[in-house]
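Protein sequences appear in the order of chains A and B.
Counting along the first sequence from 1, when you hit position 325 you're at 331 in my numbering, and nothing is skipped either side.
Counting along the second sequence from 1, when you hit position 465 you're at 471 in my numbering, and nothing is skipped either side.
Every residue gets a Cβ at the ideal spot worked out from N, C-alpha and C, and that includes glycine.
Okay, so here's the structure we're looking at.
2 protein chains.
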Amino acid sequence: MSSIVFEPINKRVHCSEGITIAEVARYAGVSLVSSCGSQGTCGKCRVFIISGRVSPLTIEEKEKLSAKDIERGCRLACLTRVYDEVKVKIPPKSLISSQRLQVAGNGMTAAINAVVKRYDITLSPPDMLDQKSDQTALLAYLDSQYGLKDLQIDLSAQRKLSQVLRANEWKAQIVLRGREIIMAVESGKRLLGLAVDLGTTKIAAYLADLETGEILAAKAVVNRQMAYGQDLMARLNHAMGKEAETLRQAAADDINQLVSELCKGTDLSGDQIIEAVVVGNTAMHHLFLGLPVRQLALAPYIPAVSDSMDIKARDLGLAIAPGAYVHLLPNIAGFVGADHVAVLLATGIYNTEKTTIGIDIGTNTEISLAVKDRLLSTSCASGPAFEGAHIKYGMRAEGGAIEKVKITGSSVEIRTINNEPPVGICGSGILDVVAQLRKAGIIDRMGKMLAHPRIRASEKGQEFVLVYEKESKSVNDITITETDISEILMAKAAIGAALNILLEETKLTWDEVDEILIAGAFGSYIDVASAIEIGMFAAVPMNRFSQIGNAAGTGAKLALLSKEQRELSMAITRKASYVELTNHPQYLRKFSRAIRLPA
Amino acid sequence: MSSIVFEPINKRVHCSEGITIAEVARYAGVSLVSSCGSQGTCGKCRVFIISGRVSPLTIEEKEKLSAKDIERGCRLACLTRVYDEVKVKIPPKSLISSQRLQVAGNGMTAAINAVVKRYDITLSPPDMLDQKSDQTALLAYLDSQYGLKDLQIDLSAQRKLSQVLRANEWKAQIVLRGREIIMAVESGKRLLGLAVDLGTTKIAAYLADLETGEILAAKAVVNRQMAYGQDLMARLNHAMGKEAETLRQAAADDINQLVSELCKGTDLSGDQIIEAVVVGNTAMHHLFLGLPVRQLALAPYIPAVSDSMDIKARDLGLAIAPGAYVHLLPNIAGFVGADHVAVLLATGIYNTEKTTIGIDIGTNTEISLAVKDRLLSTSCASGPAFEGAHIKYGMRAEGGAIEKVKITGSSVEIRTINNEPPVGICGSGILDVVAQLRKAGIIDRMGKMLAHPRIRASEKGQEFVLVYEKESKSVNDITITETDISEILMAKAAIGAALNILLEETKLTWDEVDEILIAGAFGSYIDVASAIEIGMFAAVPMNRFSQIGNAAGTGAKLALLSKEQRELSMAITRKASYVELTNHPQYLRKFSRAIRLPA
């Protein structure tokens with residue numbers, strides 16, 4: 007038995023000895039770029055071996071990789087076999103998109119027990135003396151062989167049944183979900199499931215074998231609703247007008263595109279997908295279902311629906327099996343949605359012995375605090391600064407984004423994504439900049455710039471030059487302004503104040519928190535030390551923090567593959583007490599205190 | 007209390023004294039032509055008073071009607087009030103189509119108890135201290151006020167709920183069907199139902215108030231599937247190829263057109279239709295549902311489905327309320343479908359004390375025989391001759407069709423539909439011709455022509471000239487050939503043999519049959535005496551025969567308005583024993599005997 011830890015998402019996967027890294031990655035839901043189908047010919051699935059024993063370099067790798075790359079431990083994942091505890095770093099370029107799309111979660115597991123089950127059937131061919139309908143014959147068989155009674159048959163299954171039986175000598179399989187027959191299928195076809203994390207910015211989808219639980223493929227796309235506003239409020243405004251249907255369709259189109267990409271190049275097809283789970287924040291959930299959003303967007307922020315739902319895929323325009331259902335996890339509140347419930351499922355913090363905080367940082371940050379038999383959830387508007395918006399040179403986490411900064415005296419060291427020439431600063435970089443500026447004494451506790459050779463005046467107060475055009479390949483100077491810093495301070499204050507309210511509600515101190523689990527794309531890439539430096543988190547020991555990647559996606563997979571996890575999701579939602587911050591008597595005071603940088 | 011008997015469909019309706027004939031007709035589901043909305047200005051709703059006391063002629067009628075018409079008892083239905091037991095004849099031209107479309111049934115009634123029920127709701131507005139979802143608030147209210155638990159909410163109802171509540175000060179109504187909330191609606195909207203008789207040739211639809219049982223409107227259209235073959239086998243052949251979806255869509259389009267016509271000019275709209283019932287023969291049923299038909303078209307003629315079904319209207323492409331269901335009555339066998347079950351429902355023969363035969367004559371003729379606790383059903387291929395097909399001058403029952411014939415010596419008297427110049431012969435006319443030719447000794451028992459001045463040679467054996475071009479306004483001579491007669495003899499033999507088999511199976515003689523109910527469009531217009539003359543029926547006393555009109559439509563209405571009638575329909579189907587004729591040892595012998603005309 008070997009194992010691989012994938013960095014930077016810190017995902018450990020056990021595997022058999024001698025298996026290729028590409029196979030393990032596929033199994034783990036980490037999608038590596040490949041255009042040759044893992045034949046060793048395209049040279050795209052580059053990874054870096056950090057430690058552990060692997061198979062020797064192949065001739066193909068020597069051809070494809072530069073001497074410099076080889077020296078740095080670069081290998082092709084499809085040709086490298088593992089024989090040990092191996093730690094592998096995946097450069098962003100080797101992931102399926104130039105964005106760092108999250109496809110791997112934190113590896114929570116549950117026993118496979120999907121809501122659909124298949125049954126073999128063998129009927130007697132009818133004749134002139136036995137002219138009963140195919141439906142009657144099927145129902146009688148299922149009763150006599152399996153004791154199944156009072157079944158309904160979905161129209162799509164009924165449409166297929168007669169021909170499947172006749173084309174296969176009266177042998178076939180039916181798929182049962184509850185008391186409903188939702189598919190009639192030739193024997194031996196794989197039953198597939200689809201788990202979707204419908205994020206505000208990106209949509210990740212996982213294709214699973216519903217019976218083995220194997221994750222067969224994972225893909226992500228940028229949410230095409232972005233065209234209607236990067237932040238949700240803009241989209242809700244569109245949906246309150248005449249574009250609700252357009253936004254709903256956009257989400258369905260994205261999922262359909264993902265289905266088609268997931269199946270591409272395999273012998274699998276979308277109509278084998280007989281169950282789907284979709285998670286998203288409450289707004290994305292409502293937009294996807296075409297539910298009204300006006301009452302959600304305006305105080306008192308009322309969701310149309312909070313319970314879990316099962317909806318025919320065809321009613322949502324999804325191009326999967328016509329009899330399939332889509333299961334939506336429940337929402338806790340208007341701004342703590344099904345995606346956060348999925349995080350709670352994936353992390354198991356709803357019934358841990360430890361006092362645990364689960365946090366998913368984004369434009370809207372959801373936080374839950376579990377302590378003994380209590381589960382408190384809240385959300386705060388942390389703004390888009392962490393995603394690079396409202397920042398002068400802010401950008402998303404794409405190639406060329408400054409993601410790491412170190413300031414020593416008058417020199418500034420930066421690292422960009424893909425080591426491309428710097429273009430701007432992404433969220434994790436901005437967090438670093440603020441922490442480094444404060445550490446170096448260049449800004450005061452309110453983020454005001456003091457004195458430094460790199461400080462200069464700009465149209466918006468002073469700014470600090472991170473990169474001079476003349477020193478780098480960038481097309482212009484890249485700076486951070488006092489206004490930028492103010493945006494970051496407001497974002498971290500929103501989160502810091504929310505965390506403090508939850509602690510106060512449970513009469514806990516930071517020291518009593520055993521674990522802080524940071525979920526989501528942004529949370530996986532931040533430097534936790536920097537987050538502590540700027541006071542977003544308290545300075546508890548670093549080993550209490552875990553960056554767990556796309557836990558919402560993991561939760562969706564759990565709900566896809568396990569009936570019990572769905573029941574748990576409703577139990578979690580009922581257990582969670584929602585703490586509303588907008589009218590909380592302490593929130594503004596705590597916010598204004600948290601806005602300052604630590605002394 | 008007054009009453010009206012509508013002829014020729016022989017429908018009796020009780021009504022209050024002083025009400026107009028038009029109102030009674032509307033109530034009875036008899037759709038009279040009108041383009042002025044019963045204002046007395048268009049002059050189209052002409053009827054003939056056969057007997058009984060009515061209001062005196064109005065000035066408007068004196069203007070609109072010719073002196074000759076007035077002399078013959080012609081009146082405008084919208085201006086004529088009844089004060090007595092009135093018998094009214096409706097000329098075909100006054101019915102909603104130039105075809106004699108059947109919209110009235112035989113008046114079977116059942117207590118109104120639709121499968122949908124509405125409930126008033128009044129919720130407390132949410133606020134920042136009570137942020138529960140609209141769904142949660144609704145379900146809690148229904149539990150506390152009505153004890154309703156474990157409810158599901160259809161997505162379409164959920165989509166509407168939040169805005170209906172907010173637009174109506176938190177008061178609204180929900181419509182429940184079983185345990186599913188299928189509609190959220192402002193209070194006071196009428197809940198409508200749709201009953202559809204999906205005939206091979208024409209489609210009749212009735213709009214009903216689901217709570218009062220009132221029939222608000224009735225319409226019929228020619229089935230646009232006719233473009234794919236007048237007989238079902240031709241259509242099934244199309245559907246076995248690539249046109250199943252086209253045929254399915256055609257049926258849905260027809261129903262949608264009917265919905266739009268039923269609502270036109272009223273304040274009602276299709277999205278108030280929250281329940282529909284559709285009946286049709288097994289082939290039409292399968293084509294409408296998009297079910298496979300190959301196994302139905304080929305021996306041993308197996309239906310895909312026989313039980314009743316409930317299918318979301320949106321899955322069938324029907325433009326009615328998005329949460330509505332369509333209920334399909336069960337099928338007895340491949341050639342005894344839901345429309346015949348509807349006839350059995352409407353006539354109540356499944357549990358009558360009398361020995362009764364119910365027969366629906368068409369290209370395919372379905373027959374049931376009820377005696378004591380037995381119910382036998384069968385069907386025979388009677389061919390399209392009764393619909394005018396495969397007959398040299400055959401035509402459908404449209405204006406100009408010869409519908410009545412009397413032969414005396416060398417003279418032939420004819421009557422055409424609408425008294426228009428003769429164009430051809432419709433089914434009832436052909437039946438008369440054969441009966442009259444035999445009576446006059448012009449043909450022998452095998453239909454061979456003997457000697458008569460009107461007999462002449464034709465390309466297909468001899469023919470008898472019914473109408474000489476020079477004597478009438480017809481564009482050519484209209485004749486009946488020996489081949490035509492042979493077609494009719496085969497059709498009547500098929501029916502006669504089927505009836506005899508059913509009698510033999512139950513060890514009954516014709517004399518022991520108390521009632522013969524003849525349903526359907528063709529059956530309503532034939533001269534029963536002629537049918538007896540040619541030996542289609544035995545010569546039992548005429549008063550045992552009733553021509554009951556579109557009983558299938560009536561059965562659909564009953565199933566629409568009464569839950570209990572739906573349960574009955576399944577009980578009927580289980581009770582019915584299907585007698586297969588194609589391989590029945592006696593059928594061919596009886597058929598060859600029945601083909602001869604009575605001595």
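Straight-line spacing of the CA atoms in R230(A) and P459(A) works out to 43 Å.
Assignment of C42(A) by DSSP, reduced to helix, strand and coil, places it in the coil class.
Along the region 200-217 of chain B, there is no position whose C-beta sits under 8 Å from a C-beta of chain A. When 8 Å is used as the limit between beta carbons, N370(A) is near no residue of chain B, the shortest such separation being about 16 Å. For V534(B), no beta strand (DSSP E) segment is defined; the enclosing uninterrupted segment is the alpha helix (DSSP H) at 534-539.
The region 559-567 of chain A makes no contact with the region 462-476 of chain A, as fewer than three CB pairs between them are under 8 Å.
Around the beta carbon of C42(B), fewer than 16 other beta carbons sit within 10 angstroms, so the residue counts as exposed. Distance from the CA atom of K195(B) to the CA atom of A214(A), rounded to whole angstroms, is 46 Å. DSSP, read as helix, strand or coil, puts N556(B) in coil. Secondary structure note for A407(B): its beta strand (DSSP E) is the uninterrupted segment 407-414. Under the criterion of beta carbons closer than 8 Å, L334(B) and S314(B) qualify as touching, at roughly 6 Å. For R124(A), the enclosing beta strand (DSSP E) has its first and last residue at 122-128. Counting only Cβ-Cβ distances below 7 Å, A305(A) has contacts in chain B at M134, in chain order. The three-state secondary structure of E510(B), taken from DSSP, is helix. Q301(A) sits buried, since 16 or more C-beta atoms from the chains shown fall within 10 Å of its C-beta. Chain A places no beta carbon closer than 8 Å to that of T384(B), leaving this residue out of the contacts. The contact set of Y584(A) on chain B, defined by CB atoms closer than 9 Å, consists of Q137 in chain order. One Cα belongs to V284(A), the other to M290(A), and the distance between them is close to 10 Å. Against N589(A), the close residues of chain B are M134, in the order they occur along the chain (beta-carbon pairs closer than 7 Å). The beta carbons of S100(B) and V53(B) sit closer together than 8 Å. Taking a contact as a CB-CB distance under 8 Å, the pair I494(B) and I538(B) does not count as one, their CB atoms being some 14 Å apart.
The continuous beta strand (DSSP E) containing Y212(A) extends over residues 208-215. Cα atoms of A545(B) and R18(B): separation of roughly 26 Å, rounded to the nearest angstrom.
Beta bridge pairing from DSSP links F551(B) with I522(B). DSSP places D260(A) outside any beta strand (DSSP E); the residue lies instead in the alpha helix (DSSP H), whose first and last residues are 250-269. Look at the region 400-487 of chain B and you find these whole runs of alpha helix (DSSP H), each 4 residues long or longer: 433-445. As the crow flies, the alpha-carbon of P390(B) is around 5 Å from that of T369(B). Closest in C-alpha terms to I408(A), from the list C80(A), P427(A), R185(A), comes P427(A). Excluding sequence positions up to five before and after A441(A), its CB lies within less than 6 Å of the CB of S536, E539, I540, all in the same chain and listed in chain order. The region 162-172 of chain B and the region 132-142 of chain B touch, with three or more beta-carbon pairs separated by less than 8 Å.
I367(B) is positioned such that its CB atom lies closer than 8 Å to that of G526(B). Unbroken beta strand (DSSP E) runs of no fewer than 3 residues, entirely contained in the region 49-86 of chain B, are found at 52-57, 80-82, following chain order.
Residues of chain B with a Cβ closer than 7 Å to the Cβ of I326(A) do not exist, since the nearest Cβ in that chain sits about 15 Å away. Nearest C-alpha to L567(B) among E175(B), A190(B), I221(B), V181(B): I221(B). One Cα belongs to R380(B), the other to A582(B), and the distance between them is close to 7 Å. Apart from the 5 residues on each side of it in sequence, A600(A) sits with its Cβ closer than 6 Å to the Cβ of A499, G502, A503 in its chain, given in chain order.
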